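Q: So in numbering that gives the first Met the number 0, spot 213 of the sequence shown is number 212, and the numbers just go up one at a time. Note that CB positions come from ideal geometry on N, CA and C, so glycine has one too. This one's a predicted model, so the numbers in the text were calculated from it and none came from an experiment. Below is one structure. I have some questions about it.
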Amino acid sequence: MTASSARSSAPPPIGAEERRRRIDALRAAMDRARIGAVLLGSTTSLRYFTGIAWSPSERLCGAVVTNTRIDYVAPGFEREKIAGLISAPGELLVWEEDEDPYALIADRVGAADVALDPDLPLFMYWRLRASIGDARLADAAPLIGPLRARKSPAEIALMQHAKSITLETQRRARSALREGVMASEVARFVDETHRALGGGGSSFCIVAFGADTSLPHGPEKDRALRQNDVVLIDTGCRVDGYNSDITRTYVFGEPTAKFRAAWDAEKEAQAAAFEAARRGALCESVDAAARRSLERRGFGPGYALPGLPHRTGHGIGLDIHESPNLVRGDRTPLDIGMCFSNEPMIVVRGEFGVRHEDHFHITASGPQWFTEPAKSLDDPFANAPAFG
C-alpha cells in the first residue's frame, strides 16, 4: 500500500491578535472568580493562550498569567528555545537544575490565589501546595474550560481542514484494501496518506477487522484482512494543533443481513443525535436521543450490549477529547462554536462493531457537519467532496 500526494491549502494558523483576545477573556474570568494568577503547565492550554507547544516532562515549564503580565517559567538550559517561541509579551523566568521552580512561582505570585491548569500533573500540585499552601490553590478548569469549548471561526476552519484531510485519507484507505493485508499495513498507509495530504501524519489510528471491530478501541494483536470481513478504521490528524477524528465501518465483500441492519440503525442514531444538537439543548439530551433511536431498533437499553457501550460524543479541539461531552449527566447547554464528535457505536460482542463518527459544530441556526456522514453501507464515500 503506497500513499499518493495531492495537498489542499491550509487556512492560516491562529494569530497573535486572537491569542491576545484569549488572554483578555481569561483575565476577565479571573476577575470574576477573584483569582490573582493562573499557572499553565506544558499542556494544550499553554498552546491555546500563548502559542507555545511544549512536551510535558518532570521539569516545570509553562506560564503564569496575572491581571497585568505573563511570566514564562522554564529550565535554564531551555532558555534560548523557549525565548524563540514566545509571541505574547512577557518576562522569561528561568530556574537551574539545583533550584526549586515552585518556590520561584510562589515568590512571583506573592499573596495571590493561584488557579492551576487542570492538566497539570498531580506531583506538581503537591510541590506547589508545599510552596504556596493549599488554601490559596484553586482549579482553573472553570476559567479555562468555557473559553476553550466555544471555538472561533479560525479554529473551526483549521479543524475543517484537518477533517477534510482525514475523510480523504479514509476514502483512499478503503480503495487500497486487498485480501491478506495486515491491519498494521493499513495503519501505515493511513499515516503516510495523512502526511502526504498535509496532516503531518496520523495523530492516532485504529484499524480492526472482523470480530475485532467489536472492541471500541481496537485489538492488541495484528490480523490479516479476509473476504467478507467487517472493517473499522478510526483515525485523525492535526492542523496547527487542531484535531480530526473520523471513523468509517463497512465490509470487505458481502455484508450479512444482521450487519446491514446494525449499520442502518447506527446511521439513524447518528442522525437522531445530530437533530437533537440545538443551541441551548443540554449535552446529555443529545446522548439520550441517540439511545432512544437505538432502543427502538432493539439495542440497549443504556450501556447494555448489544448496544452503545460509551458516550455518544466528546468535545474536540487542541485535545482530541475535550469537555463538554455528549453523555448522561453533562448538563452543559450547547452554545455557538462548540464542537463535538457524533459516534453512537453499536457493539455486538464477539461478532462486530459499527461506528460512524463525524463531527459537528453548533451555529445560531443549528448543528453543522464538518464532514457528511457515510452515505450507505455499499458506498460509504459516495457523498465525500473532492479533495484538493
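1) Any contact of the stretch 237 to 251 with the stretch 292 to 306, i.e. 3+ C-beta pairs under 8 Å?
2) What are the start and end residues of each continuous alpha helix (DSSP H) run of 4 or more residues lying completely inside the stretch 113 to 147, in chain order?
3) Using DSSP's beta-bridge definition, name the partner residues of Ala-73.
4) For Ile-335, is the classification buried or exposed, using 16 other Cβ atoms within 10 angstroms of its Cβ as the cut-off for buried?
5) Can at least three beta-carbon pairs, one atom from the stretch 216 to 229 and one from the stretch 317 to 335, be found at a separation below 8 Å?
6) Could you name the residues of the same chain whose beta carbon sits closer than 7 Å to that of Trp-53, not counting the 5 residues immediately before and after it, in chain order?
7) Compute the beta-carbon to beta-carbon distance between Asp-112 and Ile-51, rounded to the nearest angstrom, for a pair I have assumed lies under 8 Å.
8) Cα separation between Leu-231 and Ala-129?
9) Opposite Leu-325 in the DSSP bridges: which residues?
10) Just verifying my parser: in three-state terms, what is the DSSP assignment at Tyr-241?
11) Express the C-alpha separation of Glu-356 and Val-346 in angstroms, rounding to a whole number.
12) Indicate the three-state DSSP secondary structure (helix, strand or coil) for Val-180 in the structure shown.
13) When DSSP labels each residue in this structure, what does Ala-167 get in the three-state scheme?
14) If you run the structure through DSSP and keep just helix, strand and coil, what is Trp-368?
15) Within the chosen definition, does the stretch 143 to 159 reach the stretch 315 to 326 through at least 3 CB pairs nearer than 8 Å?
16) Using only CA atoms, which one of His-358, Pro-300, Met-181, Gly-199 lies nearest to Leu-224?
17) For the alpha helix (DSSP H) containing Ser-340, list its first residue and its last residue.
18) Just curious, the beta strand (DSSP E) that Phe-208 is in, first and last residue?
19) Looking at Gln-226: is its Cβ nearer than 8 Å to the Cβ of Pro-372?
20) Where Ile-143 and Ser-86 are concerned, what is the direct C-alpha to C-alpha distance, given to the nearest angstrom?
21) Could you name the residues of the same chain whose beta carbon sits closer than 7 Å to that of Arg-126, not counting the 5 residues immediately before and after it, in chain order?
22) Do Pro-10 and His-160 have their beta-carbon atoms positioned less than 8 Å apart in this structure?
A: So, from the listed chains and residues:
1) The stretch 237 to 251 vs the stretch 292 to 306: no contact.
2) 121 to 131
3) Val-93
4) Its Cβ having fewer than 16 others within 10 Å, Ile-335 is exposed.
5) no
6) Ser-41, Leu-45, Cys-60
7) 24 Å between Cβ atoms; not a contact.
8) In a straight line, the C-alpha of Leu-231 is about 48 Å away from that of Ala-129.
9) Looking at the DSSP assignment, Leu-325 forms a beta bridge with Gly-312.
10) strand
11) 14 Å
12) coil
13) Looking at the sequence provided, one finds Glu at residue 167 rather than Ala. Helix at Glu-167.
14) strand
15) Contact between the stretch 143 to 159 and the stretch 315 to 326 is present, because at least three Cβ pairs lie under 8 Å.
16) Met-181
17) Looking at the DSSP string, Ser-340 is not in any alpha helix (DSSP H); the run it does join, the beta strand (DSSP E), is 338 to 341.
18) For Phe-208, the enclosing beta strand (DSSP E) begins and ends at 203 to 208.
19) Contact annotation: Gln-226 and Pro-372 have beta-carbon atoms that are not nearer than 8 Å.
20) When only Cα atoms are considered, Ile-143 and Ser-86 end up about 20 Å apart.
21) Here Arg-126 has Tyr-101 as same chain residues with Cβ atoms under 7 Å from its own Cβ, once five neighbours each way along the sequence are excluded.
22) yes
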